[in-house]
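Going by this note's numbering, the first residue of the sequence shown is number 68, and it counts up by one from there. Where a beta carbon is used, it is the ideal one built from N, C-alpha and C, also for glycine. Since we're looking at a predicted model, the values are computed, not measured. Here's the structure we're looking at; comments come further down.
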Amino acid sequence: MKFPTTFSLKQIADIISSEYVGQDDFPVFGMNEIHVVENGDIVFVDHPKYYDKALQSKATIILINKNVECPVGKALLISDDPFRDFNKLTNFFQPFVPNSQTISVTAKIGKNTVIQPNAFIGNNVIIGDNCLIHSNVSIYDNCIIGNNVTIHAGSVLGADAFYYKKRPEGFDKLISGGRVVLKDNVDIGALCTIDRGVTGDTTIGFGSKLDNQVHVGHDTVIGEKCLIASQTGIAGCVIIEDEVTLWGQVGTASGITIGKKAVIMGQTGVTKSVSGGKSYFGTPIEESREKLKQLAYLKKIPEIIKKMDNK
């Protein structure tokens, strides 16, 4: 998430009432999760296990719960609860704005785009030309839809990330302030759910097609011309490269990469990153030819046992 203007370190510290290490006018351009941070971004860290990763990341402002040595060229925001204060910043820069109309007056709708009855279009949504948005679709605030996009009935774009911190009193939600971005020529089936990024974008690339009842988690990036079949569940922060095919009921772990032109057969659990240009099957995932051989061998076990008993 980039801020509308550059803020100073002191201004950010004042918003969350925190101490800081660095010059008052140290520039702050935005805030992001660690896997997508850039120069000028804030990243938060609240566990010693991840201190070094955050301090050595591309982020130049680290929101942290310990006064550690500050790396050269960076700044620290010292907080007793970085998770809470990251949420404060999200609410400050991207607050929830209620809408009393089914199509917000701030939405921008392109030429020849059709929006069927009972669809909801939120604040600052941009929809390109020649799109078809079917009934009961909900497009939350700040989503961006390209040209020639079809979204079928009941799909939801921009719901919150499934991201919680466990506390003694229950689960504390990390507030989502990101977006969903659909590139040109994307088709979204009925009853799909595409969560927005926590601070960045969940993106579906040019020409990709989603079947009915597909879930895409927060900050996931789907490449160009991918095919994703029904009842597939894609976790957060996944990278799916161009021309990948995921058949029905595939499930993925978070933070993995599926290489270009990979084919994932139905009901596979993608538990790790896999390279492109190959076919995969099973849980845990393996190349499909090898997995099918293993299953064929398993079928022979009763026959082998029977032969051994007859000796």
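Rounded to whole angstroms, what's the CA-CA distance from residue i to residue j? Just pull it up for me.
i	j	result
Asp119	Met375	57 Å
Leu122	Lys141	9 Å
Tyr207	Asn99	20 Å
Ile193	Ile170	11 Å
Ile368	Gly303	39 Å
Leu143	Leu130	6 Å
Ile82	Lys360	60 Å
Asp113	Ile306	25 Å
Val164	Ile352	43 Å
Ser124	Ile101	7 Å
Glu236	Phe150	15 Å
Ala126	Leu362	47 Å
Asp196	Arg234	46 Å
Gly177	Phe159	30 Å
Gly349	Ser355	8 Å
His285	Leu199	24 Å
Tyr231	Val265	11 Å
Leu241	Val181	35 Å
Asn166	Gly189	7 Å
Ile371	Glu357	21 Å
Ile301	Gly315	12 Å
Ser340	Gly245	25 Å
Phe273	Thr287	15 Å
Thr157	Phe111	12 Å
Val283	Ser205	15 Å
Glu310	Ser321	20 Å
Asp262	Val88	35 Å
Identify whether residue i lies in helix, strand or coil by the three-state DSSP scheme.
i	result
Glu236	coil
Ile368	helix
Lys69	strand
Leu294	strand
Val103	helix
Ile206	strand
Asp376	helix
Glu276	In the sequence on display, residue 276 carries Lys and not Glu. The answer is strand: DSSP assigns Lys276 an E or B state.
Ala320	coil
Glu357	helix
Tyr118	helix
Ala226	strand
Leu241	coil
Phe96	strand
Phe163	coil
Asp152	helix
Short of 6 Å in beta carbon distance, which residues of its chain neighbour residue i, apart from the five on each side in sequence? Order them along the chain.
i	result
Val248	Ile211, Asp268 and Thr270
Val330	Thr312 and Ser346
Ala220	His201, Ser202, Asn203 and Ala257
Glu86	Ile145
Val317	Thr299, Ile331 and Thr335
Asn215	Asn197, Asp251 and Asn252
Asp227	Ser243
Val410	There is no way to answer for residue 410, as the model of the chain reaches only from 68 to 378.
Thr338	Ala320, Pro351 and Ile352
Under the assumption that residue i contacts residue j (Cβ atoms under 8 Å), give the Cβ distance between them as a whole number of angstroms.
i	j	result
Gly343	Glu291	Their Cβ separation, rounded to whole angstroms, is 13 Å, which puts Gly343 and Glu291 out of contact at 8 Å.
Leu76	Phe96	Contact doesn't hold; Cβ gap of about 12 Å is too wide.
Ile128	Ile145	Not confirmed; about 12 Å, so no contact.
Lys250	Gly225	Incorrect: roughly 16 Å between the Cβ atoms, too far for contact.
Going by the DSSP bridge assignment, what does residue i pair with across the sheet?
i	result
Pro351	Answer by DSSP bridge pairing: none, since Pro351 is not bridged.
His282	Thr260 and Gly300
Phe111	Leu130
Val181	Leu199
Ala142	Ile128
Ile386	Residue 386 cannot be examined here, being either before or after the span of the chain that is shown, 68 to 378.
Whose C-beta lies closer than 8 Å to the C-beta of residue i among residues of the same chain, with five residues either side of it excluded?
i	result
Gln280	Gly256, Ala257, Leu258, Cys259, Ser297 and Gln298
Pro115	Lys133
Lys373	none
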